[in-house]
Structure formats: structure tokens, C-alpha cells
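Okay, structure first, notes after.
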């Protein structure tokens, strides 16, 4: 029998939605030619939890704790962005001391998140001893978080108009002790990640995101800074007390003098940010003025004040993974009229496509992990019709939009 | 550079393990029997690491002080608190509680406080240990 020859040489590999290599449900479809990835398609929408819907029955103080549960690692970022949005709308003046306390908590979370990521990245390339080392360091940071806020992960420290717990004088020795420990171990981490041959072999010239692509695809956070785009909400808008602190964009050229936009650069950016965060906490402890920690200590009064507000607000916050945007609209009821969350990973999904194209199958885990994806944060919409999930494409959306305009014109 | 991890590895060999073996050093063959033994005083539990100050554990409720103002019900994010209108007191379902301590902050008479008990897992959400009233 004569063998048929086909022109098609590539084949498809579906990975996910549930897969041992993935920490959260996401669906990839790879078009593979030999070992090379020719094309990638990413599909989301497997972990939609209806958090925004749940907010329709809650008042802003209750939503703070709901926002905390959007993401386990950014459990400070989401309430912070929500509080910024509400304060923006209700013109609440936050006391200066509270702004500094907020920065301390934010930077502590950033250290935890980046060190956790470093461990996961090491695990993805099979360097498990580093995973244990980084998580040991993270444990110390979590101990400090527990000491300052009461719990390790769900901190419940954010309040509209301030924070809920103060840092008293007798707490400062423990903070400085942990910061010293972090600084001592940071040098060790830096050596392992930046000088080690294993890490260099797997991360240099892998998963390149060019500056043009980063700008075009609106990548945020360390992913875009590693490609040389100077974008950081902390510097750009100077929310909380960041305007008073010495802070600059962390791009890889600070250390190496050049920008490649590969996985190695993303490691550099995150490590530099850990160092920056330690310095920011020290600055805050030095400069922190005394005073109130919240604008309105009586919650019932605050809720009554928010009930009178009629308007919309936007909160922009630099989460460890990038810019987190919350949009809130209050219309005089207890519950908000609407609340919309845009988690940073939403912007960092599309950059996966240029990063993964042309790479090998074995590079998928480290390249995907290099943007520090958080899929559950990202899943905000699920479209259901007659109990069947369906997708909307651009034409369909456009058609629906035109229909709505016509409906409204009637 | 090649063996840069070796000092750490050797140091680790002689260090005391970080993990606190809680509640028992080794997994008991029969957990239910082990817990029954602990309750009867035959076996001993390896104590957990003490919780720090300000830890948010099981809610303590001082019923005498409560005036039934229902502010805690208004701020509870998980709707874990139920109002008992005939007594004018509250009932807290810990199985729903998210331990944010917002009810503690809002309480005008300070009748609620956070304890340090954290072993609150159970099979029945309405069991006696998980309801504070």
C-alpha cells in the first residue's frame, strides 16, 4: 500500500483545563511542529465564582472581606484597590499615618508574593532545593504578617479611610529583625538565581517579550518592566504614601545594563523589587508620623456616610503581579450599584502568546509561570444561555451592542 | 560555585527540624481512637505553636453585655450572625465565620472578642462547638 503524504506537519496538543502541571484551571491549545511551538491559544473561564454578583447584596465594609477572597496571595491588593476606589468617590481624606501603614503592609505582601514566585519558578525548572530555601524565607515574612495583622494570609487590615491595626513602638524591633533576616538571605537568593548556571541555562533567551509587544498587549507589573517598559502605578500616581518615598521603576537594566525581556530578566526585576520593598518598609518606619490610623473609627457612621454617596470611583493599585483596577459605583443604597475588578493577570495572559511561540514544549511551565499567573483572579465573566456556556466573539458582541442601541432608541 | 548548596545541606543535617509535629509525632493508625485516647487522658497531644497576640480565633461572646443593637449583623461579610428577637441576643455560626473580627470593631459595648482557639474543624456545621450564643 502506498503511503499517503500530507503537507501538514504540525499537530495540536491540548493542555488543561485540569492538568497536573497547572496550578489553576486554564486551557491551552498548542500547535506543535516537532518540539517547537508554532501557535498558542489560551482559553479562560473555568473558575468563575460570581464574586461581583455576591457584592450586590453587601455594603462596602462587607465587600472589603469579599475582595480579600478574590486572590489568596494578593489578599491585601484587592481590598486596597477597592478602598482607593471608594475613597476616590466619597472624598474620604485618609490620615497620613494610615497611608504609611498601608505602604508597609503592601510591601510586605509584595515580598511574600515575589519570594513565593521565585520558589515556584525554581520548582518549574526542577530546582526543588531552592523552592524549600525560598519558602523558608517566605515563612519568616508570613510570621511578621501574622504578628502585624493577626493572620497569615487573609489579613483583614484594610478599612475604608485607613487601616484597622496600628504598628506600636514595641512592634518595631520584631519588624527590623525580620527585615535584617530578609536582607541577609536576599544576598543568598540573588547569588542562586542570578549567578547559578542551572537557572541561567533555563531562563536566558527563553520566553522573550519585546518592548513593542509588551506595550501593544498592555502587559502590566514585573512582566512589562522586565521588557523595559517603565510602568509602575506606585510611581505614576503616587497613591498611599508612595509620593513621599524614594521609589523608582525597577527595570533589568538597573542591574545588567541591558534589556532582553526574557525569563531571566523577569527574575531580576522581581528580585530587585524584593530589595526595593525592604528599603521602602525601612523608609516608612523612619518617616512615619504619629496620628490617627483611620478617618472614621465608627463603622456605623462610615456606612451612613457611604450611603449618601452617589457616584463612581476608580482605584488603581500596583499589586505584586501588576496594576489592579477596581471600579465601583454607589447609588445611595446599602449595596453598590456595580463593582468591577480587573486583576493584573488579565493583561498578562495575552503576552503568553508571543512568549511561547517558537519555544520548546519543555519551556511551557517556566514561561507560563514567569508572568506569575493567577487564573482565579482573572475569571470575571461567564456567559450562560439556557444553562449552556457559550462564548462571544467580536462580531457577536458588536451585533449585541447595535441591538442594545436600537432597543434604547425605541 | 558548583557545590554552593553543600554548606546549607550539611547545616541542615544537624539542625533541629523546623516542623512542629502537631498533634502527634507520627500519624496514628486510627485517628478516631487516638482522639478518644486523648480525651480519656491516655495519650498526649504534641502542643501547637502558640498563637501571636492579636490572633483572630474563635469568637468569645459576653451575653450579659450585649444590648441587641444588630450592628454586627449589618457588617458581617458572611452573614454568620443570627438575631434572636425574643431574647434580643445573637447567635454566631462559626462554620460560616471568616474571622475578620469586623463585628468586634463595630460592637458598641465590646461584648465580642477574638479568642485564640483555632482547631475548629468539624463534620457537622451545626455542632455545639461551632455555635456561639
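Residue numbers (this note's numbering), protein chains in the order written: chain E, 31 to 440; chain C, 132 to 264.
No residue lacks a Cβ here, since even glycine has one placed at the ideal position from N, Cα and C.
For residue 237 (chain C), the uninterrupted alpha helix (DSSP H) segment begins and ends at 233 to 237. When the five nearest sequence neighbours on each side are left out, the beta carbons in the same chain lying within less than 7 Å of the beta carbon of residue 176 (chain E) are those of 182, in order along the chain.
Residue 197 (chain C) does not reach chain E, its nearest Cβ partner there being about 16 Å away, counting only Cβ pairs nearer than 9 Å.
Contact annotation for residue 176 (chain E) against chain C: 183 [CB-CB distance below 7 Å, chain order]. For residue 222 (chain C), the enclosing beta strand (DSSP E) has its first and last residue at 220 to 224. For the pair residue 346 (chain E) and residue 375 (chain E), the Cα-to-Cα distance works out to about 15 Å.
Taken through DSSP and simplified to helix, strand or coil, residue 257 (chain C) comes out as coil. Taking a 10 Å sphere around the C-beta of residue 167 (chain C), we find fewer than 16 other C-beta atoms and assign the residue as exposed.
DSSP, read as helix, strand or coil, puts residue 274 (chain E) in helix. When secondary structure is reduced to three states using DSSP, residue 268 (chain E) falls in the coil class, being assigned neither helix nor strand. For residue 382 (chain E), the closest C-alpha among the options E:40, E:165, E:67, E:47 is that of E:67.
Residue environment: residue 41 (chain E) is assigned as exposed (fewer than 16 neighbouring CB atoms within 10 Å of its CB, all protein chains considered). Shown here, residue 228 (chain E) sits in a helix according to DSSP, grouped into three states.
Residue pairing of residue 349 (chain E) in beta bridges, as defined by DSSP: E:352. DSSP places residue 109 (chain E) within a helical segment (H, G or I) once states are collapsed to three.
Within the same chain, no Cβ atom closer than 7 Å to the Cβ of residue 257 (chain C) is found once the five residues on either side in sequence are excluded. The CB of residue 329 (chain E) comes closer than 7 Å to the CB of 206, 236, 237 in chain C, given here in chain order.
Neighbours of residue 159 (chain E) in chain C, taken as residues at a C-beta separation under 7 Å, are given in chain order as 136. Chain C places no beta carbon closer than 8 Å to that of residue 250 (chain E), leaving this residue out of the contacts.
With the criterion set as a beta carbon lying under 7 Å from some beta carbon of chain C, the members of the stretch 77 to 99 of chain E are 88, 91, 92, 95, 96, in sequence order. Here residue 95 (chain E) is not bridged, per DSSP, to any residue.
By the CB criterion at 8 Å, residue 196 (chain C) and residue 242 (chain C) fall inside the cutoff.
Selection E:185, E:173, E:215, E:222 evaluated against residue 204 (chain E) yields E:173 as nearest (Cα-Cα). Interface criterion not met: the Cβ of residue 191 (chain C) is under 8 Å from no Cβ in chain E. The beta-carbon of residue 349 (chain E) is placed no less than 8 Å from the nearest beta-carbon of chain C. Among the bridge pairs identified by DSSP, residue 211 (chain E) is matched with none.
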